[in-house]
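Enquirer: I am attaching a structure below and will ask some questions about it afterwards.
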Amino acid sequence: MPISPAFHRRAAIGFATAALVPGARAQAPAVVGSNAPPNTPWEAQWTRFAQRAEAGGVPVSSMTAGQLGSDETILAALRRNRVQVGGFTLAAVTGVVPELALLTMPYLFANEDEAAYVQDTVVGEIFAPLLRAQGLAYLQLTASGWSGIYAKRPVRVPADIKGRKFRSSPTLAHRAFLDAAGADVVPIGLADVIPALETGLVDGGVMVLSYYGPAVSDAAKFFTRTRHYYEGGLVLANAGWFDRLGPAQQAALRAAYDTPAESRAVVRAAEADILAKLAAKGATVIEPTPDEHAAWVAATVSAADRLVRDIGGQAADVRARLVAARDAYRAKR
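This note's numbering runs 17 ahead of the 1-based position in the sequence shown.
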C-alpha cells in the first residue's frame, strides 16, 4: 500500500517530538508572518502549521493575517531575523531571487499534473541554493491555483486587451505576459487594485481565481481563465535562525505546513467554492475555447525569452531545468 505524504509528515513530527530532550525547545516563540485572509483555507493552513510546529518543539507566535504588513515588508523583516518564518507569494520573493519568476512563465505547464510533477521533483533543488544565498531557508512550496485575467468588460482573446490599461504586479513574468498580449501595463501594488479599478486607472489585471473571487470580483465583473501559469508561494525561514535549531526541530518545521499535494487539493476545493458563488454575485467566468486558448499561447510565446534576458543571472539554466523536468513528465505519459 503506498505511503502518503501526510504519513511522512506525521512521522517527521513524531520523530521530532520523541527526539526532544529537556531544553531542546526553541528559546523563544518564532514569529511567523504572512497575509492569509481570515476565514479562508489559507488561514486554516497556517493554524495547522502552528500546531505541528509546536508539537515538534518550535513554539510560534502567529502573525499570519497581515498584521506585519505587505509580503515585501515581512520578507525584509525575515532577512533581518525580526521574523523567523514567513509565507510569501512568488512575486514578493522575486525581488531577492529573480529567477523564481520563471515558475510563472506563460504556458510552461499545460495542466496541473505537469505543474505538480515539476514542483514536487525539482523546484526545491533548483531554488533552495539561490534562496540560501540570500539568507533564506527553503521549507515548502505552496499552491494558489491557476491564473487568469480580471476585467471590467469581457476578455476572450489578446486583441480584447490590446492598448487597454492592465495592472501588473512587480514580478517580471506578469509584465512580460501583458506586454506580449499588447496591454498597456500599469504596475501597482496589490492594495491599490480596487481603487485603481474604481477610478479607471486600470481596466483589469492578472490574478489567480482564488484571490479574485473574494477580493476583486465586486469591482471587476469578468474573469477569463487563461490558465497561463500555475501560481505558487513559498514558506521560508531565516537561514541563520533555522540553522541554530536542532535536527529534530528542523525536520518538524519542514513538515509543519501542508504538503504540496494537500495544498493543491485545498486550492481546488476553494476554487470550486468560489466558482459556485461568483454567479450569485453577478460575476462572469469566461472559459476560452480551444481556438481562443491557442491565441493566448501564440501571442505570449515570446515572454519566456524576454524573461530570461531581463532576469540574467542563472535564468537560462533555471529555465532549461524546469523545461527538462516538464518534458520528462510528458515523455512518461
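Quick reminder that beta carbons are idealized off the backbone N, C-alpha and C, glycines included.
For residue 230, tell me which candidate among 300, 245 and 82 has the shortest Cα-Cα distance.
Expert: Of 300, 245 and 82, the residue nearest in Cα terms is 300.
Enquirer: Who are the Cβ neighbours of residue 77 in its own chain at under 6 angstroms, not counting the five residues just before and after it?
Expert: Answer for residue 77: 46, 47, 49, 67 and 70, listed in chain order.
Enquirer: Return the chain-ordered list of same chain residues with a C-beta closer than 6 angstroms to the C-beta of residue 96, the five sequence neighbours on each side being excluded.
Expert: Around residue 96: 152.
Enquirer: Let me make sure I understand the geometry here. Which of 340, 290 and 283 has the alpha-carbon closest to that of residue 63?
Expert: Answer by Cα proximity: 283.
Enquirer: Out of 341, 123, 192 and 279, which has the shortest C-alpha to C-alpha gap to residue 61?
Expert: The residue with the shortest Cα to Cα distance from residue 61 is 279.
Enquirer: Between the alpha carbons of residue 26 and residue 258, how many angstroms are there, rounded?
Expert: Residue confidence for residue 26 is low, a pLDDT of 46 falling below 50, so the modelled location carries little weight; the figure read from the coordinates is stated next. Each residue's Cα considered, the two are about 22 angstroms apart.
Enquirer: With a 10 Å radius around its C-beta and 16 neighbouring C-beta atoms as the bar for buried, classify residue 319 as buried or exposed.
Expert: That one is exposed.
Enquirer: How would you call residue 215, buried or exposed, if buried means at least 16 neighbouring beta carbons within 10 angstroms?
Expert: It counts as exposed.
Enquirer: Do residue 111 and residue 195 have their C-beta atoms closer together than 8 angstroms?
Expert: The answer is no: Cβ separation not under 8 angstroms.
Enquirer: Do residue 212 and residue 185 have their beta-carbon atoms positioned less than 8 angstroms apart in this structure?
Expert: Contact: no.
Enquirer: How would you call residue 84, buried or exposed, if buried means at least 16 neighbouring beta carbons within 10 angstroms?
Expert: With fewer than 16 Cβ atoms within 10 Å of its Cβ, residue 84 is classed as exposed.
Enquirer: Taking the alpha helix (DSSP H) that residue 182 falls in, what are its first and last residues?
Expert: From DSSP, residue 182 is part of no alpha helix (DSSP H) but of the beta strand (DSSP E) over 182-185.
Enquirer: Would you tell me roughly how many angstroms separate the C-alpha atoms of residue 242 and residue 261, rounded to the nearest one?
Expert: Their backbone Cα atoms lie some 44 angstroms apart in a straight line.
Enquirer: Would you check if the distance between the CB atom of residue 332 and the CB atom of residue 324 is smaller than 8 angstroms?
Expert: Yes. Within cutoff.
Enquirer: Give every residue of the same chain whose Cβ lies closer than 7 angstroms to the Cβ of residue 39, excluding the five residues on either side of it in the sequence, and list them in chain order.
Expert: For residue 39, the pLDDT reaches just 35, beneath the cut-off of 50, and the residue's location in the model is therefore unreliable, although a value from the coordinates is still provided. Hits under 7 angstroms: none found.
Enquirer: Output needed for residue 275: all residues of its chain with C-beta closer than 6 angstroms, excluding positions within five of it in sequence on either side, in chain order.
Expert: These residues qualify, in order along the chain: 62.
Enquirer: Secondary structure at residue 248, three-state DSSP: helix, strand or coil?
Expert: Three-state result, residue 248: strand.
Enquirer: In the DSSP assignment, find the alpha helix (DSSP H) that holds residue 328 and state where it starts and stops.
Expert: That run of the alpha helix (DSSP H) goes 320-328.
Enquirer: Just to confirm, is the Cβ distance from residue 116 to residue 330 under 8 angstroms?
Expert: The answer is yes: Cβ separation under 8 angstroms.
Enquirer: Can residue 86 and residue 51 be called in contact, C-beta distance under 8 angstroms?
Expert: Not closer than 8 angstroms, so no.
Enquirer: Ignoring anything shorter than 4 residues or poking outside the region 250-285, list the alpha helix (DSSP H) runs there in chain order.
Expert: Listed in chain order, the complete alpha helix (DSSP H) runs (minimum 4 residues) inside the region 250-285 are 256-260 and 264-271.
Enquirer: For residue 244 versus residue 165, is the C-beta distance shorter than 8 angstroms?
Expert: Yes.
Enquirer: For a quick check, are the C-beta atoms of residue 135 and residue 337 less than 8 angstroms apart?
Expert: No, the Cβ-Cβ distance between residue 135 and residue 337 is not below 8 angstroms.
Enquirer: Please state if the CB of residue 173 and the CB of residue 303 are separated by a distance shorter than 8 angstroms.
Expert: In this structure, residue 173 lies closer than 8 angstroms to residue 303 by Cβ.
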